[in-house]
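Asker: So that you can map any letter, position 68 of the sequence shown is 68 in my numbering, and since no number is skipped, the others follow by simple counting. One structure follows; several queries about it will come next.
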Amino acid sequence: MSIMTRIVNNVVNNVANTTAMAAVACALLASPAFAQQMTALTGATVHTVEGDPIENGVVIIEGRDIKAVGVDIEIPAGAEVIDLAGSHIYPGFVHPLSALGLTEIGSVAGTVDNTEMGAINAALRVEVAFNHDSALLPVNVAGGILTTHTVPSGGLIRGTSAVMNMEGRSWEDMTIKAPAGMHVDFPAGAASDSDNDDLKKIESVLDAARDWHTAMQAFEAGNAPRPARNAQLEALVPLLEGDMPLFLYAGKEDEINAALDWAERREFDRVILVGGPDLQYVADRLAADNVPVIVNGVYTMPTRRWEAYDMAYQAAGKLFEAGVKFAIGDGGGSFAATNARNLPFHAGSSAAFGLPKDAALKSVTLWPAEILGIADQLGSLAAGKRASLIVTSGDPLEPMTQIQRVWIDGEEYDLARSKHRQLFERYKGRIQAEAE
């Protein structure tokens, strides 16, 4: 047998074996044993967020998604039935602005990756730096945070953010939406100085990006040479074309008004304002201009002598009264990431100072999902959405409520992975022994 004949025979045999293996795999996947696992959660009070609570409700999970939600739903044959009588089911919380996945221990510089050097970082992509194995993720999942909008810090133009799942094998696996938006810090001094150097630097880069895009369009039309590659300018094109929202950061009332004026002048299509309690002072303008906001700083002190002690607690309620679409955040940043699990309590405190309870729940579930453009997947419990939900002993905005079980993308999450839970189990025996 010649060498060529043997080569041909080997190729034929390999093709035949591969075809046979593919056929077997297809047959297995089509068999009932390999069908998508179905789970029926029964007996609990289901809080869909978009409707009234459902007593003794049923949630059917098929694969990654919710198949059905309601009462007296027929449970498919072969589904695993989990009785949750006496408990409550809520959608997982959506953190609207955090450094989760980018930071670990604030005092250890090597674990902090949320701040980039330089003033212009438009080309920065958060998702590729996301640490899927961060110890902070299980801790926050145990607190009900199942989705995070992770954002960069540092510079005037910070870069792009990403909406990330809190469970997965890699950053690619955990990315829900990227880029989620471009983040820009409006210079504090620009509120009183229209000739502010930092603002001029931002505008210069935006103008250069517009010129680069025009040159690129001319090249694609065959009318000009290709412009030099510039990652920073290229990253800004989706923002200028209206394909990406602008997250604009401003703190005090005068800065917020100046930032809104600037955004109007630059004709940005979609602006999401990120600020603190001072947002309540411009609530009417925000509502009139239909500008959604992320309000941080619920747990802060007044900064002016004439302000009431509960000024920050009332901010969300004032925004709600004015008709502003908002989500409640905790400020983001490296330090806040270690306490991101407390996000629902920020909403609960706001509810104690004027924000209706149902609006408080929406401010950490449905509304951040809508603001981030992922409400078709998350934020409420409905057929077709991702099965990311929490089972609780009561109102999840109350600190004494226990989160009993968690599902992320249709799979139950092991809450024992939380470092806090592990430490509790480790020292529980000692405390019990001393008590005896």
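Here a beta-carbon is modelled for each residue, glycine too, at the ideal position from N, C-alpha and C. Here the structure is a predicted model, which is why all the values come from computation and not from measurement.
Given GLU127, which residues of its chain have a CB within under 6 Å of its CB, disregarding the five upstream and five downstream residues?
Answerer: Cβ neighbours of GLU127 beyond the five flanking positions: ALA162, TRP171, THR175, ALA178.
Asker: In chain order, what residues of the same chain lie with their CB nearer than 6 Å to the CB of ALA85, ignoring the 5 residues before and after it?
Answerer: If we look at ALA85 and ignore the five residues flanking it on each side, its Cβ neighbours are GLY43.
Asker: For ARG226, which residues in the same chain have their Cβ closer than 7 Å to its Cβ, ignoring the five residues on either side in sequence?
Answerer: Cβ neighbours of ARG226 beyond the five flanking positions: PHE219.
Asker: Cα separation between LEU102 and THR39?
Answerer: Using only the alpha carbons, I get a separation of about 33 Å.
Asker: Are the region 367-384 and the region 55-73 touching, with three or more C-beta to C-beta distances below 8 Å?
Answerer: Touching, yes.
Asker: What are the boundary residues of the beta strand (DSSP E) that includes VAL69?
Answerer: Note, VAL69: beta strand (DSSP E), 65-70.
Asker: Is the region 346-362 touching the region 315-323, taking contact as three or more C-beta pairs under 8 Å?
Answerer: Touching, per the Cβ criterion.
Asker: At what residue ranges does the region 215-268 contain a whole run of the beta strand (DSSP E), taking only runs of 3 or more?
Answerer: Entirely contained in the region 215-268, the beta strand (DSSP E) runs reaching 3 residues are, in chain order, 246-249.
Asker: So for ILE75, helix, strand or coil by DSSP?
Answerer: Correct three-state label for ILE75: coil.
Asker: Compute the beta-carbon to beta-carbon distance between GLU255 and ALA191, rounded to the nearest angstrom, for a pair I have assumed lies under 8 Å.
Answerer: At roughly 5 Å, the Cβ-Cβ gap stays under 8 Å, so GLU255 and ALA191 are in contact.
Asker: State the Cα-Cα distance for the pair VAL139 and GLU412, rounded to the nearest angstrom.
Answerer: Cα to Cα, the separation comes out at about 15 Å.
Asker: Which one or two residues does DSSP pair with ARG125 in a beta bridge?
Answerer: THR160.
Asker: Mind checking whether ALA312 and THR300 have CB atoms under 8 Å apart?
Answerer: Result yes, Cβ atoms of ALA312 and THR300 sit closer than 8 Å.
Asker: Let's test the definition: count the other Cβ atoms within 10 Å of the Cβ of TRP262 and tell me whether it reaches 16, buried, or not, exposed.
Answerer: By the neighbour-count rule (16 or more Cβ atoms within 10 Å), TRP262 is buried.
Asker: Can you find a CB in chain D that lies within less than 8 Å of the CB of MET311?
Answerer: Among the chains in the structure shown there is no chain D, since it carries only a single protein chain.
Asker: When the Cα atoms are used, what is the spatial distance from THR111 to ARG229?
Answerer: Spanning the two alpha carbons is a distance of roughly 32 Å.
Asker: Roughly how many whole angstroms lie between the Cα atoms of LEU246 and ALA259?
Answerer: Near 12 Å, if we compare the C-alpha coordinates of ALA259 and LEU246.
Asker: Is it true that the region 146-165 meets the region 277-287, where meeting means three or more beta-carbon pairs spaced less than 8 Å apart?
Answerer: Verdict: no, contact absent.
Asker: My understanding is that VAL295 touches VAL271, with C-beta atoms under 8 Å, so please give their C-beta distance in whole angstroms.
Answerer: Wrong, their Cβ atoms sit about 15 Å apart, outside the cutoff.
Asker: Alpha carbon to alpha carbon, what distance is there between PRO238 and GLN217?
Answerer: Distance between the alpha carbons of GLN217 and PRO238: 14 Å.
Asker: Who are the Cβ neighbours of ILE431 in its own chain at under 7 Å, not counting the five residues just before and after it?
Answerer: Closer than 7 Å at Cβ, skipping near neighbours: no residue.
Asker: Could you tell me which whole beta strand (DSSP E) segments of length 3 or greater appear in the region 363-402?
Answerer: Correct list: 389-392.
Asker: For PRO344 and LYS362, I'd like the C-alpha separation in whole angstroms.
Answerer: C-alpha separation (whole angstroms): 10 Å.
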